Amino acid sequence: MKIQGSNSETDKYGESLQERLSRIEAIILADGTLIQRFDALQKEIQRVGEENKLLREVVEKQDSTLNELKVEIKKLQSDNIKLERVCKETFMNIISTEEDENPKPFLVETRQQVNETTQDNRQMVKNIEGRIEGKYYDFSPTIQDTKPINHLMNTDFIPQRHIRQSEVEQVAFYSTVSVPDLTNLGDHHPIAFDHVITNIGGAYHPSTGLFIAPVDGVYVFNLGGMSRPRKRLHLEFVKDGTEIQSIYPDAGSTDSFASDSLVAVLELNKGSEVWVRTRGGSGEIHGYNFTFFTGWLLYVK
Numbered sequence: 001m002k003i004q005g006s007n008s009e010t011d012k013y014g015e016s017l018q019e020r021l022s023r024i025e026a027i028i029l030a031d032g033t034l035i036q037r038f039d040a041l042q043k044e045i046q047r048v049g050e051e052n053k054l055l056r057e058v059v060e061k062q063d064s065t066l067n068e069l070k071v072e073i074k075k076l077q078s079d080n081i082k083l084e085r086v087c088k089e090t091f092m093n094i095i096s097t098e099e100d101e102n103p104k105p106f107l108v109e110t111r112q113q114v115n116e117t118t119q120d121n122r123q124m125v126k127n128i129e130g131r132i133e134g135k136y137y138d139f140s141p142t143i144q145d146t147k148p149i150n151h152l153m154n155t156d157f158i159p160q161r162h163i164r165q166s167e168v169e170q171v172a173f174y175s176t177v178s179v180p181d182l183t184n185l186g187d188h189h190p191i192a193f194d195h196v197i198t199n200i201g202g203a204y205h206p207s208t209g210l211f212i213a214p215v216d217g218v219y220v221f222n223l224g225g226m227s228r229p230r231k232r233l234h235l236e237f238v239k240d241g242t243e244i245q246s247i248y249p250d251a252g253s254t255d256s257f258a259s260d261s262l263v264a265v266l267e268l269n270k271g272s273e274v275w276v277r278t279r280g281g282s283g284e285i286h287g288y289n290f291t292f293f294t295g296w297l298l299y300v301k
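FYI, the numbering for the sequence shown is 1 to 301, going by UniProt numbering.
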């Protein structure tokens with residue numbers, strides 16, 4: 001006989017629903033491994049949630065930084081446009097100011113030289129392509145036609161064209177090594193004479209030790225070096241990478257300081273470079289302004 005009511009309903013095994021749920025709960029509680037798995041899963045879900053939160057914060061910061069960079073880029077673009085406008089206006093003002101000195105023929109001449117140079121370059125390319133294909137072309141006229149290129153390379157920018165000759169003829173410098181000592185310099189190490197006393201014309205560059213000739217002419221140079229007791233010093237005076245002369249203040253076998261100097265008169269082209277470097281790894285320089293490098297323009301060619 002079937003008993004009415006949900007609490008008294010039984011399944012085919014004779015268990016009520018309440019009894020069956022209680023039995024399942026007892027099984028779950030008895031299985032400690034399953035509970036541990038649920039706990040571990042809960043902790044993993046919590047950890048992933050925290051990581052997602054951190055990632056969202058990082059993304060928000062990156063978005064903020066990106067927006068700041070976009071604003072900075074727009075500002076730089078705006079500043080660049082303003083600078084271009086100022087440069088154009090300055091250039092036009094220079095051209096307008098120099099109209100009284102009649103620069104127009106020079107502009108026409110320059111434009112004509114550019115056109116001729118372009119044609120020469122095209123012909124040179126054609127000749128080279130012909131040689132590659134096994135055809136013969138006479139290169140000698142082309143080599144002569146490259147003179148306009150050299151002329152253009154030596155042509156100053158238009159605003160510099162009217163610089164008075166007397167302004168570029170004033171060239172003189174005097175520099176020394178002010179630090180106490182320079183040691184362990186190695187071979188062919190360029191010497192930067194850091195203490196500049198005179199630099200008329202700005203042709204000497206103390207950061208590199210280079211003197212760059214601003215005009216074609218004859219120049220006079222003077223180099224002096226001093227070494228400490230029981231030390232040796234060998235310095236080369238160099239023009240465009242080639243040694244001209246050297247000094248060798250040798251105090252290696254004495255308890256006294258040693259000094260040596262040289263004077264050189266050189267004919268330089270505009271852009272020629274003159275500097276001082278060590279030789280043979282012998283580079284123990286005594287500073288305190290005892291080691292010096294000086295020079296001046298004797299006359300323009």
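Note that CB positions come from ideal geometry on N, CA and C, so glycine has one too.
What you are looking at is a predicted structure, and each value in this text was computed from that prediction instead of being measured.
At the 9 Å Cβ level, is residue i part of the contact set with chain B, yes or no?
i	result
Q18	Considering every chain present, this structure includes no chain B. It has just one protein chain.
What are the residues that DSSP puts in a beta bridge with residue i?
i	result
Y219	L266 and L297
T278	L235
G225	D260
Y204	F211
I197	Per DSSP, none; premise fails for I197.
I285	L182
D250	R232
F292	T176 and G224
E273	I212
Less than 9 Å separating the beta-carbons of residue i and residue j?
i	j	result
V177	T291	yes
E273	G241	yes
G209	P180	no
G295	A192	no
V196	V238	no
G280	H234	yes
S207	R230	no
Y219	L297	yes
D250	R232	yes
H205	E236	no
E89	V300	no
Along the chain, where does the beta strand (DSSP E) that runs through residue i open and close?
i	result
Q245	T242 to I247
A172	A172 to T176
Just to confirm, does residue i get its C-beta within under 8 Å of one of the non-hydrogen atoms of the ligand MN?
i	result
G225	Here there are no bound small molecules, and the ligand MN is not part of this structure.
>> Using a Cβ distance threshold of 8 Å, determine whether the segment 179-186 contacts the segment 203-216, with at least three qualifying pairs required.
In response: In the pairwise beta carbon analysis, the segment 179-186 is classified as not touching the segment 203-216: fewer than three pairs are separated by under 8 Å.
> Okay, do the segment 223-236 and the segment 261-273 touch, 3+ Cβ pairs below 8 Å being the bar?
Replying inline: Contact between the segment 223-236 and the segment 261-273 is established, with three or more Cβ pairs separated by less than 8 Å.
> In chain order, which continuous runs of the alpha helix (DSSP H) of length 4 or greater are located wholly inside the segment 18-97?
Replying inline: You should have 32-97.
> Do the segment 196-208 and the segment 233-250 make contact, defined as three or more Cβ pairs closer than 8 Å?
Replying inline: With a cut-off of 8 Å, the segment 233-250 and the segment 196-208 do not count as touching, because too few Cβ pairs lie within range.
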